[in-house]
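Worksheet: one structure, shown below.
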Amino acid sequence: MRIPLFIRRYTPGQFVIHAVLAFALVIYGLPLLWLFIASTRTESSMYSDPPLMLGSWHALKQAWDNLAGYNDFQMLVWAKNSIIYTLGSVSLTLASCIPAGYVLAIAKVPGRRFILIMTLVAMITPSQAIVLPIFLEMTLLGLVNTYFGLIIASAFFPFGVYLSYIYFTTSMPLSVIESARIDGCGHFKTFFRIALPMSKPLIALVSFFSFVNNWNNYFLAFVLISDDSKLNLPVGLTALLSSTGAINPRTASNIPIGLQEAILAAIIVVLPIILIFLASQKHVRSGLNAGAEKG
Amino acid sequence: MTKATVQTKKTQGWKRSRRRENFASFVLLLPYLILMMMFAVFPVLYAFGLSFFDTIDYVFWGLTNYRAALDDYRLLPAIKNVLSFVTIWITLMVIGVTVLSLFLDTLKERTATIIRTVYYIPGAIASSAVVVLWLFLLEPQVSPFNFIFDLVGWENRQHTFQGLGDAWIFSLMSFVAHSGGWIVVFGGALASLPGEVLEAARIDGANRFQIAMRIKLPLIYRTVVLMTILSVSTGLQIFVEPHLIGLAGDEFVREDWSVTQLSFFYAFNFGDFGIAAAMSVLSLILPFLFAFTLIFATKFYKID
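In the order they appear, the protein sequences are chains F and D.
If you read the first sequence in our numbering, its first letter stands for residue 2, the second for the next number, and so on.
If you read the second sequence in our numbering, its first letter stands for residue 85, the second for the next number, and so on.
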């Protein structure tokens with residue numbers, strides 16, 4: 002019998018490669034898959050049945066109702082806050098990063114090199130390192146526990162400026178800009194009439210990274226916001242879990258927030274990002290390759 | 085009008101338009117410059133200033149805050165914790181990301197892209213929700229990885245935490261969250277390798293392993309270095325993971341596991357902003373050092 006070509010060529014080396022990559026797929030993919038499956042299962046089913054068994058629509062509905070019943074559906078308030086914080090910061094980020102990247106790439110302004118270096122230092126320094134100093138500053142300014150405070154503090158996004166700078170120096174045909182300048186367009190006109198309409202891919206990229214950072218923002222929000230009604234989803238989720246002891250097996254409470262509700266709440270936090278990521282992954286890949294952000 | 089005055093007028097006109105141009109550039113830069121002043125320059129200077137004051141009575145007391153911070157009996161264990169975490173995490177990153185990237189590079193581009201996307205997703209959703217997810221994954225009674233826990237005989241979350249140790253647990257969490265993005269970056273670096281070089285090596289009889297070790301690895305070596313430096317810088321600031329695992333119950337609470345946690349402990353639990361500021365000034369030294377090294381001693385970032 003003839004052995005098919007692809008089997009004959011399948012070497013032990015290839016087997017090792019495929020096995021390692023498949024194992025890694027399980028490590029990266031299984032947790033999320035499990036998260037979505039587990040949201041359909043009751044707590045007792047999670048403890049007694051195999052981990053990847055599907056539950057029922059009814060159980061999911063029940064968990065949703067329980068979550069909705071918690072403090073008049075406080076998750077919804079946090080979701081609304083998350084949208085406000087994220088939209089606010091993303092808009093401010095775009096309004097500050099794109100023109101700044103353009104100027105740094107095109108114009109010979111005094112101090113240009115210094116601004117670029119500062120941008121890189123701020124981009125490479127882990128944001129966690131600066132959270133406490135920002136908290137001290139915001140306390141001084143009286144902006145702790147305000148929407149505005151968290152929005153502007155999260156709008157500073159040096160990575161976005163660096164991406165814009167790289168985009169305008171490499172992807173923007175310089176001849177177009179130069180001919181506009183020769184025709185007598187100043188920086189304003191050239192930026193708004195020519196550069197900006199040509200930067201859709203850049204805007205998509207900066208928006209995506211800024212959106213992800215802001216939607217996931219836990220540390221800064223945790224530090225700056227203490228009022229329950231102003232929390233965003235990531236901090237709200239932990240507030241929900243610590244106040245109900247949902248995933249602490251020792252707490253006995255009569256609030257119906259348990260494992261299943263905790264899982265459902267976590268899904269509410271991560272689902273928007275997954276959807277947006279899947280919709281825009283091509284841009285993301287090119288962005289990651291354009292400039293490695295902090296680890 | 086003499087020639088000279090024409091010349092002067094021209095220069096003046098040129099200067100004026102130059103000034104107008106500078107003004108326009110400055111206006112376009114302004115929003116970003118304000119944000120940079122507010123959230124990079126000022127906070128660092130302010131924390132630096134505050135670190136020399138007794139912030140309860142507002143009197144200058146020199147290095148007292150620094151002395152108090154360095155004398156804290158919890159600092160040394162916290163430094164040890166963070167260092168062991170960083171060592172394990174970086175080792176996992178360097179080996180894991182390099183091996184997975186080289187392996188992916190042997191697949192067809194389409195397949196590799198799909199797999200890279202799956203590897204990247206945990207990084208895109210990294211927030212408190214992921215730590216919560218991990219608390220489930222580490223609980224053998226509900227975890228989808230229970231087949232592994234069965235093998236080693238761990239029956240509950242406490243067994244897992246004792247068996248693996250905190251540093252390993254945080255390293256695994258951080259590895260899954262951060263490696264995917266770097267695998268995409270490495271994929272880009274590998275794709276930019278000149279095809280002729282690989283072809284020439286193949287013609288000379290190099291096998292896959294030799295090509296990976298002798299050609300691909302040296303060419304992506306720079307990216308490995310970049311990843312290592314950036315990850316060390318981030319890893320030293322670990323806060324969220326040790327801070328959140330306490331959600332699983334009192335026995336998991338770690339309030340002063342990391343140095344960053346300790347500085348927040350001073351700010352929030354004692355309201356002593358001076359010592360907190362001193363600690364955060366100290367923890368900014370290494371990241372700044374890394375940043376300046378990367379900018380001035382390497383060519384990773386383009387500034388001209």
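Here a beta-carbon is modelled for each residue, glycine too, at the ideal position from N, C-alpha and C.
Computed from a prediction, not measured in an experiment: that's the story for all the values here.
Bridge partners of residue i, per DSSP?
i: F144/D; result: F137/D
Would you report the Cα separation of residue i and residue j, rounded to the nearest angstrom?
i: R194/F; j: V177/F; result: 11 Å
i: L186/D; j: K283/F; result: 21 Å
i: V183/D; j: I313/D; result: 19 Å
i: A154/F; j: N215/F; result: 11 Å
i: L234/F; j: N82/F; result: 8 Å
i: S276/D; j: F270/D; result: 10 Å
i: S97/F; j: G70/F; result: 41 Å
i: A360/D; j: I256/F; result: 37 Å
i: L117/F; j: L221/F; result: 25 Å
i: F16/F; j: A25/F; result: 14 Å
i: A293/F; j: L373/D; result: In this prediction, A293/F scores a pLDDT of 48, lower than 50, which makes its location untrustworthy; the coordinate-derived value is nonetheless stated afterwards. One C-alpha to the other measures close to 18 Å.
i: I179/D; j: I267/D; result: 12 Å
i: P250/F; j: L241/F; result: 15 Å
i: F354/D; j: F348/D; result: 9 Å
i: A153/D; j: L279/F; result: 46 Å
i: L121/D; j: P202/F; result: Note on identity: in this sequence residue 121/D is Met, with Leu being the wrong assignment. One C-alpha to the other measures close to 28 Å.
i: K62/F; j: L238/F; result: 19 Å
i: G161/F; j: H262/D; result: 19 Å
i: R113/F; j: I269/F; result: 43 Å
i: V271/F; j: D50/F; result: 25 Å
i: F220/D; j: Q246/D; result: 16 Å
i: K295/F; j: A273/D; result: Note that K295/F scores a pLDDT of 45, beneath 50, so its modelled location is shaky; the value from the coordinates is reported in the next line. Those two C-alpha atoms are separated by around 17 Å.
i: P206/D; j: Y29/F; result: 7 Å
i: I391/D; j: V125/D; result: In this structure chain D extends from 85 to 388, so residue 391/D is not present and cannot be described.
i: Y163/F; j: I107/F; result: 13 Å
i: I85/F; j: Y148/F; result: 8 Å
For residue i, which residues from the same chain have a beta carbon less than 8 Å from its beta carbon, with the 5 sequence-adjacent residues on both sides left out?
i: N240/D; result: E223, P224, Q225
i: S212/D; result: V324, L328
i: Q345/D; result: A162, F323, P326, H327, R338, E339
i: I199/D; result: L188, L191
i: Y385/D; result: L378, I379
i: M47/F; result: A39, L260, Q261
Step through the CB atoms of chain D and report whether any lies within less than 8 Å of the CB of residue i.
i: F212/F; result: no
i: E179/F; result: no
i: R114/F; result: yes
i: R194/F; result: no
i: Y103/F; result: yes
i: R10/F; result: no
i: W43/F; result: Looking at the sequence shown, residue 43/F is not Trp but Thr. No, because no Cβ of chain D sits closer than 8 Å to the Cβ of T43/F.
i: Q129/F; result: yes
i: E138/F; result: yes
i: C98/F; result: yes
i: W35/F; result: yes
i: H188/F; result: yes
i: S244/F; result: no
i: L22/F; result: yes
Please confirm if residue i has its CB atom under 8 Å from at least one CB of chain F.
i: S109/D; result: yes
i: T167/D; result: The question names Thr, but residue 167/D is Leu in the sequence shown. No - not a single Cβ of chain F is within 8 Å of the one on L167/D.
i: K386/D; result: yes
i: G137/D; result: Here residue 137/D turns out to be Phe, not Gly, going by the sequence shown. Output row for F137/D: interface = no.
i: L222/D; result: no
i: M257/D; result: no
i: Q242/D; result: no
i: G237/D; result: no
i: R298/D; result: no
i: L134/D; result: yes
With a CB to CB cut of under 6 Å and the five nearest residues on each side skipped, what residues in its chain are close to residue i?
i: G259/F; result: E44, A247
i: Q321/D; result: T344
Once the 5 residues before and after residue i are set aside, which same chain residues still bring their CB inside 7 Å of it?
i: F132/D; result: V365
i: I38/F; result: L53, L55
i: S208/F; result: V91, L95
i: N218/F; result: S155, N233, P235
i: L276/F; result: none
i: K78/F; result: Note that residue 78/F is Val in the sequence shown, not Lys. Only S230 meet the Cβ criterion.
i: A332/D; result: L219, R241
With respect to 7 Å, is the separation between the Cβ of residue i and the closest non-hydrogen atom of the ligand GDP below this value?
i: N149/D; result: Among the components modelled here there is no ligand, and therefore nothing to report on the ligand GDP.
Given 8 Å, three or more beta-carbon pairs between the region 245-261 of chain D and the region 277-290 of chain D: no
For the region 290-310 of chain D and the region 234-248 of chain D, state whether three or more C-beta atom pairs, one from each stretch, are separated by less than 8 Å. no
Is the region 94-113 of chain D touching the region 187-203 of chain F, taking contact as three or more C-beta pairs under 8 Å? yes
For the 8 Å Cβ check, are there 3 or more pairs between the region 99-114 of chain F and the region 218-232 of chain F? no
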